[in-house]
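Notes to accompany the following structure.
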Amino acid sequence: MIDYTEMIPCLLCGADRPVRIYDAPDRLMKIPGEFRIVRCGSCGLVYLSPRPTVAAIGSYYPEAYEPYLRITPQSLPAWRRWLLNYGLRKRIRPIVQRKAPGRALDIGCATGQFLAYLRDTAHWQVTGVEPGQNAARYARETFGLEVYHGDLRSAQFADATFDAVTMWDVLEHLHDPCAELREIRRVLRPEGLLVLRVPSLDSLDARIFGPYWAGLDVPRHMVVFSRRALMQMLGQAGFIPERMWCASGSYFAFMLSWRMLVEDKVAAPRSQRVLDRLVNNVVLRALSTPYFWLVDQLGRGASLTVIARPVEQVS
């Protein structure tokens, strides 16, 4: 018989002193269930407990889950295509500015757009790992990518295989993020680079929207990282952060949080349709750019991006 949920101790310090913050349902995909977001009473890490087990979590990632959507640039209107390419350029910049073309691994590569862009524009040799079977197949068939279906451990890469490893909004989804970081350190070359992005608990969005903040994404996000918690976990896994910044202020994430709030408080189809139009409003998106830029500069952006390097000894 499958155990569908589990109670866990803190993933950072191991203490079993959870303090309740929110009880929350799956607001994004509307899959039934109620979960609890807690804060560790010892170290302050925010995490999900109870949470879906490894055996059960797949049911919370349907094909309609946004990273699995099969979008090619050619299928988008010009302004959406420009935004997509702009976002991909921002993602590859930390890598190409610091490393000559080499071998890169993207963990949780979804349908492969980032890897294809890194290969085609920066001439890297690229590999992906993706737990979603259909997304992995799409990446292979559409972009001709080498993508392993499964997780990092099941791919069984040799030691010191990669010059760069990336994780875009993935670490928070993992049942054991510290173990994943240690495995990344094993497959990364000594002079290699880890670049990752996570939703930021320190963000203004998190403070404004509380339990409706899109960055919580219950129950797919197992951990909600603050800057401090992320630095501690990287250190435990044998990494030194080289740079940590907010550089992806997201109009979409902000409006998604608003939508979750309105759906719960108003539950009016007309209000939801209005919000859908606002999400895709080019003028409003452009006018909001200075606000998101300022929030990023103040270190309160919705996402936190980190560049880290492996160290020789783990304390």
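Note that our numbering has the sequence shown beginning at 10, numbered continuously upward. Glycine included, every Cβ here is placed at the ideal spot set by N, Cα and C. These numbers come from a predicted model, not from an experiment.
Taking 8 Å as the cut-off, the Cβ atoms of Arg-48 and Ser-58 do not count as close. Only residues of its own chain outside the window of five on either side were considered, and among them Asp-12, Tyr-13, Thr-14 and Glu-15 have a CB closer than 7 Å to the CB of Thr-62, listed in chain order.
Secondary structure of Arg-286 (DSSP, three-state): helix. Two segments are said to touch when three or more pairs of C-beta atoms, one from each, lie closer than 8 Å; by this definition the region 220-235 does not touch the region 133-149.
Under the DSSP assignment, Ser-163 falls in the alpha helix (DSSP H) whose first and last residues are 161-164.
By the criterion of at least three beta-carbon pairs nearer than 8 Å, the region 239-253 is in contact with the region 188-198. One thing to note: Leu-265 has its Cβ no nearer than 8 Å to the Cβ of Val-315.
Excluding the 5 residues flanking it on each side, Glu-192 has same chain C-beta neighbours closer than 7 Å at Leu-161 and Arg-162, in chain order. Per the coordinates, the alpha-carbon of Val-271 lies some 18 Å from the alpha-carbon of Tyr-31. A distance below 8 Å between beta-carbons, with the five flanking residues on each side excluded, links His-230 to the following residues of its chain, in chain order: Leu-57, Glu-181, His-182, Pro-208 and Gly-224. In terms of CA proximity to Pro-140, Gly-159 leads the group Glu-251, Pro-34, Phe-301 and Gly-159. Across the structure, Arg-112 and Ile-104 are spaced so that their CA atoms are roughly 11 Å apart.
In this structure Tyr-221 touches Arg-36 by the C-beta definition: roughly 7 Å separates them, less than 8 Å.
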